[in-house]
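A.B. asks: Can you keep this structure in mind? I'll have questions shortly.
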Amino acid sequence: AGVPLSAAVHSAWALTLGSILCRDDVVFGSTVSGRDADVPGIQDMVGLFINTVPVRVRWDLSTTAADLLGSVRAHQNAVLPHQHVSLAGLVRRTGAGPLFDTLVVFDIGTDIDGLRQPGDTLVITDIVNEGAPHYPLTLSVRQTPGGLLSFNLIYDGELLREKRARTVLATFNRILAGLLTRPDAPVRELAADVDRRPAPVAPTTLGELFDAAARRNPAAV
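Read left to right, the sequence shown gives residues 1 to 221 (the UniProt record's numbering).
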């Protein structure tokens with residue numbers, strides 16, 4: 001109770017990435033409206049202020065679900081005054097390469113009926129967001145005006161197969177439920193795969209790997 005949606009989703013996505021990468025320190029991007037930035041008069045300005053900010057999440061063997069949710073929320077509060085800093089500008093200033101290759105997007109539904117006024121000659125019937133993120137993996141979180149949530153995983157089919165994408169989304173859903181229902185549980189129990197290490201790879205050659213890939217997916221050759 002009392003956990004912001006964004007903090008819960010960011011925490012669960014971080015543990016999901018940790019499960020995939022066998023890491024306890026991950027970075028991903030999150031799209032923000034930019035309207036909450038500490039810029040005088042921003043609420044009265046006309047224009048698009050949407051921005052993407054990096055989110056870094058770290059944990060260890062002693063970190064509980066409540067600890068992680070608290071640290072992610074603290075990170076969000078610390079970043080809030082700087083949401084207007086462009087991602088491109090941040091990369092230039094740090095001299096680093098790409099900071100992340102996965103993205104979290106929140107799509108909060110608008111109450112269409114609330115926009116209508118008696119006597120309107122122009123009536124809004126629906127609002128649809130369309131676009132294809134250029135990141136290999138994007139988690140889209142949609143919340144209806146009634147509070148219902150849905151999660152959609154947008155992925156690059158050249159890098160990830162549908163079966164694997166479904167597994168990633170199922171892992172996210174499981175971890176999110178655990179974070180919200182087991183606050184005292186160590187995160188390593190919520191994401192059992194976090195401590196998993198890659199299986200040993202048998203000695204082979206590049207040519208043999210190429211042949212095996214061609215047999216698995218001949219249409220891609």
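Just so you know, even glycine gets a beta-carbon here, dropped at the ideal spot from N, CA and C.
#1: When the Cα of Trp59 is compared with those of Ala213, Val53, Thr16, which residue comes out closest?
#2: Under the rule that 16 or more other beta-carbon atoms within 10 Å means buried, what is Pro210, buried or exposed?
#3: Just tell me which of Val55, Asp184, Gly89 has its CA closest to the CA of Leu80.
#4: Thinking C-alpha only, which one of Phe28, Ala165, Gly207, Gly146 is nearest Val105?
#5: For the pair the segment 184 to 193 and the segment 64 to 83, tell me if three or more CB-CB distances fall below 8 Å.
#6: Within the same chain, show all residues whose beta-carbon is closer than 7 Å to that of Asn159, passing over the 5 residues directly before and after it, in chain order.
#7: Which residue from Thr204, Ala96, Gly2, Ser11 puts its Cα closest to that of Leu179?
#8: In terms of alpha-carbon separation, which member of Ala191, Thr167, Ala177, Leu153 lies closest to Asp24?
#9: Which of helix, strand or coil does DSSP assign to Gly95?
#10: Since Gln143 is in the beta strand (DSSP E), which residue starts that stretch and which ends it?
#11: What do you get for Asn77, buried or exposed, if any count of 16 or more other CB atoms within 10 angstroms of its CB means buried?
#12: Buried or exposed: which applies to Leu148, given that a residue is buried once 16 or more other Cβ atoms fall within 10 Å of its Cβ?
#13: Taking the alpha carbon of Ser150 as the reference point, which residue from Lys163, Asp156, Phe172 has its own alpha carbon closest?
C.D. replies: The relevant details are as follows:
#1: Thr16
#2: The identity of residue 210 in the sequence shown is Phe, whereas the question assumes Pro. Flag for Phe210 reads exposed.
#3: The residue with the shortest Cα to Cα distance from Leu80 is Val55.
#4: Phe28
#5: yes
#6: This sequence places Leu at residue 159; Asn is not what is there. Contacts found: Pro136.
#7: When each option's Cα is compared against that of Leu179, the closest is Ser11.
#8: Ala191
#9: coil
#10: 137 to 143
#11: exposed
#12: exposed
#13: Phe172
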